[in-house]
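Residue numbers (mature numbering (1 follows the signal peptide of the UniProt record, and there is no 0)): -19 to -1, 1 to 673.
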Amino acid sequence: MKKLISLLVALLLFGGCFANKEELNSGSLDEDGIVISTNVDGVRLKNSEITLNEGEGTKRTAILTENFEYSIKYVANVKPVFLSGRKEAVQANDIFISGDRAYIAYNTKGKELGGALQIVDISTEEPKVILEVKHPYLDINSVYFDKDTNEVVYGGMADIYKGRGAKFGAKPGKTAFITKFNVDLSSKEKIASEINSNFRILESYTVTSINMKDSSYVVSTGAKNGGLYNIDINFSKIDKIMSKDDIRDTAVSSEGLLSFFSDGKDGDISFGNTVINVGDFSSEGHKAAIDIYDSIKNGKIYKDEDLIAFLGMSDKGLKVLKINSDKTAEEIMTIDNPEGVESYTNSVSHDGGLLFTANGGAGFRVYKINGADSIDPTIPEDKRAKFLEFVGGHTLRGDVYDNENYSANEVAYRAKRVNINGKIVDKNYLFVATGLGGVHIYSFISKNQYDEKEVPKSVKDTAKEVFDRNFDDNKNMIGSLQTLKLLKDATVNITFLNEGAGYKNRVGIFRYTDDIEKRDEFILFNNFSKKNSGGILEAGDTKYISLNAGDNFGILVHSNGYNNMNNGYLYSKKELCSNGMDHFVAYVDKESNKIVFGYEDNINLGDKDYDDGIGFITIEPADAVDTSMLPVYTLKAGDTTKNIEDWKVGIKYRVGDIVNYKGKKYECLQTHIAFRNWTPNKTLALWRKAER
């Protein structure tokens, strides 16, 4: 997330010792000294394996445990960035990762103002700086990438005497700025022009974070006279929605916006109109950060509406809070900083079940997120795991760091699944900013590689026969899902198989014991849509939840809930549906014993083919549930995948289906029902020649 580094020192002195104008304009694009470069030689490749250590002070004992599923590689060092005429490099202080790119913001330590913005391509084993923008009179403290508009949005603090700050009316106490540009612009001149036309001054000292909520940017400002601003995506309307002297950081959850701020000694979180005090806070001027574990985005947690806030509180360590739906907070745990070195918790970032902190001279630290079981009140306290389990730390010193001793000031971590040499693997990237030492890039590659996701062939075959062909021919052979009762404690796995919906549905589980009105509901998939069809899911993607003996459970669908949180829910227990009708069908696949289900997401039941979402349920252990009330389905046609079928009128085809037509194979590009004139050789929007 976005942080603030010792801003108060820079608030009083703006003139500084800038280089003369001729030096700054060497290679610049305008009178403000902006320098834009592409394909910069800004990365040193490292390609070195590293291990984790105890993470306490300067101890170096390797403790990489067997149950830590990743190998770690120090991939590269993004070199320090220098402005023309400056002896000291600007320092990285904020990093935003999106897709195959990282966006890095730089500012200047001390009195002078000056910064830079970099875009780093991480799509290959050799990261590259593909764009660099240098601003001699602007500190850049925060950066955000809007993938919908393809724009980089950044902000910070402007000089009141020189450059764009002077041009746009910056004055003492009114030096915060924000601007943006489109990354696909064809020339440096056009980028500079957009930066200029979008430049806005805000009534505060500096921008501290940029986020997006409900199609608008939420910008926080701090150091003094701070607040929260709501800014439309065109920068045409700017509203200050909260005044607070020193807002350090913001984070956006599915439930709303959390801002983290400090007034004097105490720190507070704002959530809507509620302010939650978190107690003794970090020293004035130090970095602070907030990140959120969101049940709707991250899956399993005890209550769907609960949020977990990770607070990086500088000299006060790491605090973990549970934010309840009634806007109260419960402290889950506090983790002190490592001893023996200056090791403040400057930054925190999590994704994919791991959490990282930047701890100054102690480097970065790694934690596993154990999640819901650690805070579930139904589990005895002595049997609960810690919400965060410390794995190890890594200090940035030694030969691989050219015998320097770097201090970790900022971390940004993102999980990503990739294909490496034909194997699917989790390859996750960690960026660590080290002030004047540049930015260090690490990859965390899962040891558990596999050739394909585990979807039993019999499940694929029966689902294809039931849902992909004429559903009416098979509906009498399958049943209503309703609910299932657990005979013993078990893990319930829900696996995505396919979908043919126009909606973006949220899918999860409901459970109850005796009284269904007192049920718990859990969203497991925030968008049950497949890749290249409005979502990111692939067949085999699985979420799970642990339930207890005696629990009754079923499937729920929040109809188009990804797009509209106010929409209604549908349940496999038809009595819970507002229309009292069955929206789910299910059967037990005879060969694999998996429970295969399909649903209709339209409240009026739509076309009644129950293929808006198709998945299957796996119970571990298998004997924990009685499925005798569900019909067992056996393939009518035997192996449906051995021979590719001929294209036929009236058949419903989905993305990826392969057919024969006049001796040639075609692959379906869009879900549709085949009409007589929509032959594969003529309807290029629906079909393409298959490579397999």
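Idealized CB from N, CA, C, for every residue including glycine.
This one's a predicted model, so the numbers in the text were calculated from it and none came from an experiment.
Check                                                                                                                                                             : Outcome
In terms of DSSP beta bridges, what is E299 paired with?                                                                                                          : The question names Glu, but residue 299 in the sequence shown is Leu. Answer by DSSP bridge pairing, in chain order: G293 and I316.
Are there 16 or more other CB atoms within 10 angstroms of the CB of P661, so buried, or fewer, so exposed?                                                       : buried
In chain order, what residues of the same chain have a beta carbon less than 7 Å from the beta carbon of F180, not counting five sequence neighbours either side? : R145, F149, F158 and T160
Using 8 Å as the Cβ pair cut-off and three pairs as the minimum, do the stretch 590 to 604 and the stretch 574 to 582 touch?                                      : yes
In its own chain, which residues sit with a C-beta less than 6 Å from the C-beta of N533, not counting the 5 before and 5 after it?                               : T464, K466 and Y493
What is the rounded straight-line gap between the Cα of Y87 and the Cα of G341?                                                                                   : 17 Å
Measuring straight from C-alpha to C-alpha, what distance separates M223 and G208?                                                                                : 5 Å
State the start and end residues of the unbroken beta strand (DSSP E) segment that holds G208.                                                                    : G208 to D213
Can you name, in chain order, every residue of its own chain whose Cβ lies under 8 Å from the Cβ of E3, other than the five neighbours on each side?              : With a pLDDT of only 31 at E3, under the threshold of 50, the placement of this residue in the model should not be trusted; the figure read from the coordinates follows. Around E3: no qualifying Cβ.
Nearest-angstrom Cα distance between S167 and S178?                                                                                                               : 17 Å
Looking at the ligand COA, does it come within less than 7 Å of N211, judged from the CB to the closest heavy atom?                                               : Annotation note on the ligand COA: not contained in the displayed structure, which lists no ligands.
Run the CB neighbour count on S276, radius 10 Å, all protein chains shown included, and call it buried at 16 or more, exposed below.                              : Its pLDDT being 48, under 50, S276 is placed unreliably in this model, and the coordinates cannot settle the point.
Nearest CA to the CA of P602: which residue from E184, L335, A471 and V71?                                                                                        : A471
Does DSSP put F158 in a helix, a strand or coil?                                                                                                                  : strand
Taking just the CA atoms, how far does L299 sit from F242?                                                                                                        : 15 Å
Is Q651 buried or exposed, if buried means 16 or more other CB atoms sit within 10 Å of its CB?                                                                   : exposed
Rounded to whole angstroms, what is the Cα-Cα separation between A232 and C649?                                                                                   : 40 Å
Closest to T130 by CA distance: which of N318, D120 and F162 is it?                                                                                               : F162
In three-state DSSP terms, what is V420?                                                                                                                          : strand
Please state the DSSP three-state secondary structure of I598.                                                                                                    : strand
Locate the alpha helix (DSSP H) running through G146, then write down its first and last residues.                                                                : G144 to K148
Between the beta-carbon of T443 and the beta-carbon of V577, is there less than 8 Å?                                                                              : yes
Is the Cβ-Cβ distance between I182 and V200 less than 8 Å?                                                                                                        : no
Does A151 come out as helix, strand or coil in the three-state DSSP assignment?                                                                                   : coil
Taking S328 as the reference, give the member of E175, V347, L468 and K575 with the closest Cα.                                                                   : V347
Just to confirm, is the Cβ distance from L94 to A57 under 8 Å?                                                                                                    : no
So what's T105 in DSSP terms, helix, strand or just coil?                                                                                                         : coil
Classify D195 as helix, strand or coil using the three-state DSSP reduction.                                                                                      : coil
Which first and last residues belong to the alpha helix (DSSP H) in which T443 is found?                                                                          : K438 to A444
For I228, which option in T255, Y125 and T187 has the closest C-alpha, if you only look at C-alpha atoms?                                                         : T187
Apart from the five residues on each side of it in sequence, which residues of its chain come closer than 6 Å, Cβ to Cβ, to K511?                                 : E480 and L518
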